[in-house]
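Numbering (the numbering used here), first residue to last: 385 to 598.
Here it is, written out as structure tokens:
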């Protein structure tokens, strides 16, 4: 069995989705892209995260062919693969049905910079046009709305977050969901003050060197 470390990571972060309340049941999916082999590892369809084993992870090549695994891949495998085909800065993706991001997505609104931590994803997080789950149309809509961003809301559906690895993608997901919660709360209290473009440009530069950089 190949990619043993990546398989374990997918199981670990899949269970974290449940532990953090970022999804319910078998909702959502996670993937890793290996750029050297041009293959994607993705969680299987309709298996509870706590029951997924390393053997259940499905390996798909860049052309969309299952090359390893007996399980049916997540219904959103094409959305993940389309991002990897067009975004060289993203090697891991997490799709989840988080409460607050999904609430904003059900309004078909973008998530604005009500808090500066949204900068981990971009100046804002756009909402992709609606399309039925598991379709190529949804994959294309997500790709377009995620341009120059590391997250996208999926209309009436959920959120997709990307990073250089699963830990990074999970951090993006956490911060975007936190921002969506703040947006919900502040909108309920009044009119939230949104950070402007110039300030978010400053945030973008700060985040380039934020943390334990070497």
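Glycine is no exception: its CB is placed at the ideal position from the N, C-alpha and C atoms.
Original post:
DSSP state of residue 425, grouped into three classes?
Top reply: Locating residue 425 in the chain shown gives position 41, counting from the first residue. The DSSP-derived three-state label of residue 425 is strand.
**OP:** Would you check if the distance between the CB atom of residue 428 and the CB atom of residue 449 is smaller than 8 Å?
**Re:** For this step, residue 428 is matched to residue 44 along the chain shown. For this step, residue 449 is matched to residue 65 along the chain shown. For residue 428 and residue 449, no; Cβs fall outside 8 Å.
**OP:** May I ask you to report which of helix, strand or coil DSSP gives residue 576?
**Re:** As a first step, residue 576 is located in the chain shown; it is residue number 192 there, counting from the start. Coil, per DSSP.
Subject >> Cβ shell of residue 502 (< 6 Å), same chain only, five flanking positions each side left out >> reply: For the purposes of this step, residue 502 is taken as the residue at position 118 of the chain shown. The beta carbon of residue 502 is closer than 6 Å to those of 563 in its chain, skipping five residues each way along the sequence.
Original post:
If we ignore side chains and look at the alpha-carbon of each, how far apart do residue 387 and residue 443 end up?
Top reply: Residue mapping note: residue 387 aligns to position 3 of the chain shown, counting from 1. Residue mapping note: residue 443 aligns to position 59 of the chain shown, counting from 1. The straight-line gap from Cα to Cα measures roughly 9 Å.
**OP:** Starting from the C-beta of residue 580, find all residues in its chain whose C-beta is less than 7 Å away, skip the five residues before and the five after it, and write them out in chain order.
**Re:** Position 196 of the chain shown holds residue 580. Result list for residue 580: empty, nothing under 7 Å.
Original post:
Is the beta carbon of residue 510 within less than 7 Å of some heavy atom of the ligand ADP?
Top reply: The ligand ADP is absent from the structure shown, which contains no ligands of any kind.
**OP:** Measure the beta-carbon distance from residue 446 to residue 422 and round it to whole angstroms, keeping in mind my assumption that it falls under 8 Å.
**Re:** Counting from one through the chain shown, the residue named residue 446 turns up at place 62. Counting from one through the chain shown, the residue named residue 422 turns up at place 38. Yes, they are in contact, since the Cβ atoms of residue 446 and residue 422 sit about 4 Å apart, within 8 Å.
Original post:
Would DSSP call residue 417 helix, strand or coil?
Top reply: For the purposes of this step, residue 417 is taken as the residue at position 33 of the chain shown. Strand.
**OP:** Return the CA-CA distance between residue 597 and residue 393, expressed in angstroms with no decimal places.
**Re:** Stepping through the chain shown from its first residue, residue 597 is reached at position 213. Stepping through the chain shown from its first residue, residue 393 is reached at position 9. Low per-residue confidence applies at residue 597: pLDDT is 48, beneath 50, and the placement is therefore not dependable, though the value from the model is reported in the following sentence. Taking the straight line from one Cα to the other gives about 23 Å.
**OP:** With DSSP as the reference, label residue 542 as helix, strand or coil.
**Re:** For this step, residue 542 is matched to residue 158 along the chain shown. DSSP places residue 542 in strand when its eight states are reduced to three.
**OP:** Can you grab the Cα-Cα spacing for the pair residue 554 / residue 570, in whole Å?
**Re:** Against the chain shown, residue 554 aligns to sequence position 170. Against the chain shown, residue 570 aligns to sequence position 186. Their backbone Cα atoms lie some 24 Å apart in a straight line.
Subject >> Residues near residue 540 in its chain [Cβ-Cβ closer than 7 Å; skip 5 each side] >> reply: One-based indexing of the chain shown puts residue 540 at position 156. Around residue 540: 489, 490, 514.
Subject >> residue 481 in three-state terms, based on DSSP >> reply: Here residue 481 corresponds to residue number 97 of the chain shown, with the count starting at 1. Residue 481 sits in coil when the DSSP states are folded into three classes, being neither helix nor strand.
**OP:** Spell out a yes or no on whether the stretch 463 to 479 and the stretch 409 to 417 are touching, meaning 3 or more CB-CB pairs, one atom from each, closer than 8 Å.
**Re:** When Cβ pairs closer than 8 Å are counted between the two stretches, the stretch 463 to 479 is seen to touch the stretch 409 to 417, the count reaching three or more.
Original post:
Can you round the beta-carbon distance between residue 543 and residue 475 to whole angstroms, since I take them to be within the 8 Å contact cut?
Top reply: For the purposes of this step, residue 543 is taken as the residue at position 159 of the chain shown. For the purposes of this step, residue 475 is taken as the residue at position 91 of the chain shown. Their Cβ separation, rounded to whole angstroms, is 18 Å, which puts residue 543 and residue 475 out of contact at 8 Å.
Original post:
Under a Cβ-count criterion, where at least 16 other Cβ atoms within 10 Å of its own Cβ denotes burial, should residue 573 be classed as buried or exposed?
Top reply: In the chain shown, residue 573 corresponds to position 189, counting from 1. It counts as exposed.
Original post:
Among 517, 524, 523, 530, which has the Cα closest to the Cα of residue 508?
Top reply: To locate residue 508, count along the chain shown from 1; it is residue 124. Selected option, being the one with the closest Cα: 530.
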